[in-house]
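Student: So the sequence shown is numbered by full-length UniProt numbering: it starts at 1 and just counts up by one. Okay, handing you the structure first.
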Amino acid sequence: MGNDQSGVRSRSQGSKELNSPTISMGVPASFSFFSSKNLLSTSIVVVNDGASTSASISDVNAELDLRRIKEIPHFLPLMQGVLPGYRDLPEILLKIDPRPIYRFLQRLQQHFRECTEAVTTEQGRIFAHIVEIDQLALSLVKKVTNSNKKLDVLGNELKKVVVISEQIDTAQILFKELSRCAESLNQLLPLEEQLSPLSITLNQFWNKN
């Protein structure tokens with residue numbers, strides 16, 4: 001019974017050794033340890049979970065999006081020198097034709113020169129007109145000053161006329177009193193010696209003069 005079991009074991013081991021890849025590839029039995037390791041490494045199957053597969057899919061999608069974004073062409077301004085990263089790249093400046101810009105600047109300079117000449121001429125004309133107005137204003141001031149002086153003289157003369165008029169009124173009052181006194185004295189005289197009544201008015205006096 002024991003002999004039968006040992007025979008079965010020996011036959012099974014012999015069949016395993018014949019079916020093993022090490023023996024089939026001509027590997028000696030002393031290297032059976034390494035052959036078993038190779039067999040185990042080739043027979044391992046790795047299974048990813050659902051989270052890792054979804055993360056890998058999202059990473060692939062992100063890479064595709066980044067690749068599409070990188071494929072979008074860049075729109076740079078006409079003058080790349082205004083950008084911080086393109087200040088040392090003068091190739092865009094070499095591609096621009098400077099002749100139209102030079103002609104435009106020449107026309108702009110000519111326009112400014114003409115405007116300057118027109119402004120200078122207008123300023124000279126305005127300055128001459130201002131000088132004429134100043135001279136006219138000075139002459140008017142002189143005339144007004146002379147007129148004021150003449151008015152002052154006339155005012156003084158009018159004051160004198162007022163004083164003379166007051167003196168004339170006083171003289172007229174005194175003459176009237178004197179004529180009354182003369183009439184009273186004339187009445188005291190006898191009839192044959194009385195004089196005719198005195199009738200001298202101021203208007204007659206002025207008319208005679």
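The beta-carbon is built from N, C-alpha and C at its ideal position, and this holds for glycine as well.
1. Per DSSP, what kind of secondary structure is histidine 74 in: helix, strand or coil?
2. Mind checking whether leucine 178 and asparagine 186 have CB atoms under 8 Å apart?
3. Could you spell out where the alpha helix (DSSP H) holding proline 190 opens and where it closes?
4. When DSSP labels each residue in this structure, what does isoleucine 101 get in the three-state scheme?
5. For asparagine 156 and lysine 149, what's the separation of their Cα atoms in angstroms?
Tutor: On the basis of the data shown:
1. coil
2. The Cβ atoms of leucine 178 and asparagine 186 do not sit closer than 8 Å to each other.
3. Here proline 190 belongs to no alpha helix (DSSP H), and DSSP marks it neither H nor E.
4. helix
5. Taking C-alpha positions only, asparagine 156 is separated from lysine 149 by approximately 11 Å.
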